[in-house]
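Using mature numbering (1 follows the signal peptide of the UniProt record, and there is no 0), the letters of the sequence shown correspond one by one to residues -21 to -1, 1 to 348.
These notes are about the structure you will find just below.
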Amino acid sequence: MKMTLFKLLLGLSSLATITSAAGIYGQVCDPTPYYDQLTWQYNDACQSIYLYCDPSSSKCNYIGCTNSDYTKGWNTNIRPFPDRCGPGTFCPDNRSKCTATVATNSICEMQRDDECQGTNSICLNGVCNVKAVPLEGKCGNDTTQYVSYDAEGDAELQTIIRDNCTDGTYCVNELCVSSKANGASCSQDRECVSNTCNPDGVCVTGPDVFHQIAAWLWGVLGASVFVFILIVLLLLWALQRYQSRKEHAKIGKFFGDNEEFAKYAMLDHDNDDDLTYYNDDTVGLQPPPSIGGDSFDPKQRASMVYLTTPDYAKSSSLSLGHHGSSTKLPLNASPRASGTFTPPARGSGTFTPPSRSSGSYPNLSNNHH
């Protein structure tokens, strides 16, 4: 309910403003400007933020420019906000339209330095001047008093005196004199070199004055930045070297292990050609390289015996094929087949292992290892 009432009041206010502006637009007015004697604010006969009194027709017309980015009470639903003027032009107090700047000694509006041509121009007493009178030169000034209000709403009388003396000087009795140093007594900002006179009447450094930085401080700053960058680069280089060494160590170990493996494989292959094998199951069973030390002779491996689980069938066939003096026994005489086994006498010097399937029992001499 409250929101609806607020919107209704806002709509009625906008409607009243539109009606008021539309009712004033085109009416006859007095184009003579006047300024409030307390605040020196510009006013005209149209009494509207959207309108001005056009001197060419003496009628209220819509404004065509502005001197600020914000105007209190402006409603864009009624009129689009006007644009600011570009370089070489200015918007007059009545905000009629952008106008070209005027030359020196031409008429200008009160304290409107921006209406004068040049970068060092000043509007004094309604006339464009150049702020270039040297020390002890003849000068001019104007004095303006107006009322301003502080944060508590109290009125304060301000007195502004402006002159056309160069920087570092000010005008006294139509003569440019040197400005005062900090700590000297003053009554106007223009009297101080710092252009700041505090409320106690003393020249001080302004809060917005740019502080010069000594050259040696710039040097220290530059050296610090250079050293910091150098340290970072050195740390990155050291880290890269450390990681590179680790990677090289890994690669070296990998290829070193491969070389050792290849050496042992080649050594085993050479030894296989020199050794005598009794069956295929013993192929590839080689002693480790550590046996015998550096003076190890591969031919000595022929006298070595590697014990594995015996295959009695293959042992029997080898005995029959290579030992003609061996005695064949019938299959039914096998102790394994008959379920009995009689070991040889201790002094006989022979040992007959039972055959797994052939049924024969070769006699092996005790000199076989």
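All C-beta atoms in this analysis are idealised placements derived from N, C-alpha and C, irrespective of residue type, glycine included.
Being a predicted model, the structure only gives us computed values, none of them experimental.
Please go through the same chain and pick out, in chain order, the residues whose beta-carbon is closer than 7 Å to the beta-carbon of Ala160, but skip the five residues on each side of it.
Along the sequence shown, one-based indexing puts residue 160 at 181. Val172 and Cys182.
When the Cα atoms are used, what is the spatial distance from Pro66 to Val206?
Residue 66 sits at position 87 when you count from the first residue of the sequence shown. Residue 206 sits at position 227 when you count from the first residue of the sequence shown. Computed Cα separation, rounded: 46 Å.
Out of Thr98, Asp146, Asp179 and Thr78, state which residue places its alpha-carbon closest to the alpha-carbon of Gly116.
For the purposes of this step, residue 116 is taken as the residue at position 137 of the sequence shown. Minimum Cα distance to Gly116 is reached at Asp146.
Can you list, in chain order, the residues of its chain with a C-beta nearer than 8 Å to that of Leu30? Leave out the 5 residues immediately preceding and following it.
On the sequence shown, residue 30 is found 51 positions in, with the first residue counted as 1. Ala(-1), Ile3, Tyr4, Cys39, Asn40, Tyr41 and Ile42.
What is the DSSP secondary structure of Leu114, counted as helix, strand or coil?
By one-based count along the sequence shown, residue 114 stands at place 135. In the structure shown, Leu114 sits in coil (DSSP, three-state: anything other than H, G, I, E or B).
Just checking, does the region 69 to 78 make contact with the region 97 to 114 on the three C-beta pairs under 8 Å criterion?
no
By DSSP, does Asp146 sit in helix, in strand, or in coil?
Along the sequence shown, read from residue 1 onward, the residue named residue 146 stands at position 167. In this structure, Asp146 counts as coil in the three-state DSSP scheme.
Extract the residue ranges of the beta strand (DSSP E) inside the region 88 to 136, only unbroken runs of 3 or more that lie entirely within it.
100 to 103, 106 to 109 and 120 to 128
Ordered list of beta strand (DSSP E) runs contained in the region 26 to 95, each at least 3 residues:
30 to 33 and 38 to 41
Measure the alpha-carbon distance for Asp62 versus Asn152 and round it to whole angstroms.
Counting from one through the sequence shown, the residue named residue 62 turns up at place 83. Counting from one through the sequence shown, the residue named residue 152 turns up at place 173. If you take the alpha carbons of Asp62 and Asn152, they lie about 42 Å apart.
Quick check: the Cα distance between Phe60 and Gly201, rounded to an integer number of angstroms?
Start at 1 with the first residue of the sequence shown, and residue 60 comes out as number 81. Start at 1 with the first residue of the sequence shown, and residue 201 comes out as number 222. Going from the Cα of Phe60 to the Cα of Gly201 covers about 48 Å.
My output table needs one value for Cys182: the three-state DSSP class, helix, strand or coil.
Working through the sequence shown from its first residue, we reach residue 182 at position 203. It is a strand residue.
Nearest-angstrom Cα distance between Thr45 and Pro178?
Here residue 45 is taken as the residue at index 66 of the sequence shown, counted from 1. Here residue 178 is taken as the residue at index 199 of the sequence shown, counted from 1. Roughly 34 Å between the two C-alpha positions.
Is the Cβ-Cβ distance between Cys64 and Cys77 less than 7 Å?
Numbered from its first residue, the sequence shown carries residue 64 at position 85. Numbered from its first residue, the sequence shown carries residue 77 at position 98. Yes, Cβ-Cβ distance for Cys64 and Cys77 is below 7 Å.
By how many angstroms is the C-alpha of Pro186 removed from the C-alpha of Leu114?
Within the sequence shown, residue 114 is the residue found at index 135, counting from 1. Within the sequence shown, residue 186 is the residue found at index 207, counting from 1. Rounded to whole angstroms, Leu114 to Pro186 spans 27 Å at the Cα level.
Using only alpha-carbon positions, find the residue among Ile140, Asp168 and Tyr128 that is nearest to residue 349.
In this structure the chain extends from -21 to 348, so residue 349 is not present and cannot be described.
If I follow the unbroken beta strand (DSSP E) through Ala172, where does it start and stop?
Here the question's residue 172 lines up with position 193 in the sequence shown. Sequence inspection shows Val at residue 172; the Ala mentioned does not correspond to that position. No beta strand (DSSP E) contains Val172, which DSSP labels as neither H nor E.
Pick helix, strand or coil for Tyr21, following the three-state DSSP scheme.
Residue numbering aside, residue 21 sits at position 42 when the sequence shown is read from its first letter. Of the three classes helix, strand and coil, the one that applies to Tyr21 here is strand, per DSSP.
I'd like to confirm the pairing. Which residues does DSSP put opposite Ser157 in its beta bridges?
Sequence index remark: in the sequence shown, residue 157 carries index 178 (1-based). Answer by DSSP bridge pairing, in chain order: Thr148.
Closest Cα partner of Arg74 within the set Leu196, Asp23 and Lys110
As a first step, residue 74 must be located in the sequence shown, where it is residue number 95. If we check each option's Cα against that of Arg74, Asp23 comes out closest.
With distance defined between alpha-carbon atoms, name the residue in Ser27, Gln26 and Tyr125 nearest to Thr18.
Translated into positions along the sequence shown, residue 18 becomes position 39. Nearest C-alpha to Thr18: Tyr125.
With 16 as the cutoff for other CB atoms within 10 Å, does Asp142 come out buried or exposed?
Working through the sequence shown from its first residue, we reach residue 142 at position 163. Under this definition Asp142 is a buried residue.
Are Ile28 and Gly52 closer than 7 Å when you measure CB to CB?
The sequence position of residue 28 within the sequence shown is 49, counting from 1. The sequence position of residue 52 within the sequence shown is 73, counting from 1. It is a contact, given that the beta carbons lie within the stated cut-off.
Local conformation of Ser223 per DSSP, three classes
Position 244 of the sequence shown, counted from the first residue, corresponds to residue 223. Residue state, collapsed to three classes: helix.
Same chain, Cβ closer than 8 Å to Gln20, neighbours up to 5 away in sequence not counted
Against the sequence shown, residue 20 aligns to sequence position 41. Taken in chain order, the residues that qualify are Tyr14.
Which value, in whole angstroms, describes the spacing of the CA atoms of Pro10 and Tyr149?
By one-based count along the sequence shown, residue 10 stands at place 31. By one-based count along the sequence shown, residue 149 stands at place 170. If I take the Cα positions, the gap works out to 37 Å.
Using beta-carbon positions only, say whether Val112 and Thr83 come within less than 7 Å of one another.
To locate residue 112, count along the sequence shown from 1; it is residue 133. To locate residue 83, count along the sequence shown from 1; it is residue 104. Not a contact, by the Cβ cut-off of 7 Å.
Could you give the distance in angstroms between the alpha-carbon of Ala244 and the alpha-carbon of Glu238?
The sequence position of residue 244 within the sequence shown is 265, counting from 1. The sequence position of residue 238 within the sequence shown is 259, counting from 1. Looking at the two C-alpha atoms, the distance is approximately 10 Å.
Closest by C-alpha distance to Leu154, when choosing among Lys225, Lys232 and Cys118
On the sequence shown, position 175 is the one that residue 154 refers to. Of Lys225, Lys232 and Cys118, the residue nearest in Cα terms is Cys118.
Could you tell me which of Thr80, Arg169 and Tyr128 sits nearest to Glu122, measuring between CA atoms?
Position 143 of the sequence shown, counted from the first residue, corresponds to residue 122. Residue identity check: residue 122 is Thr in the sequence provided, not Glu. Looking at the Cα atoms, Arg169 is the closest of the given residues.
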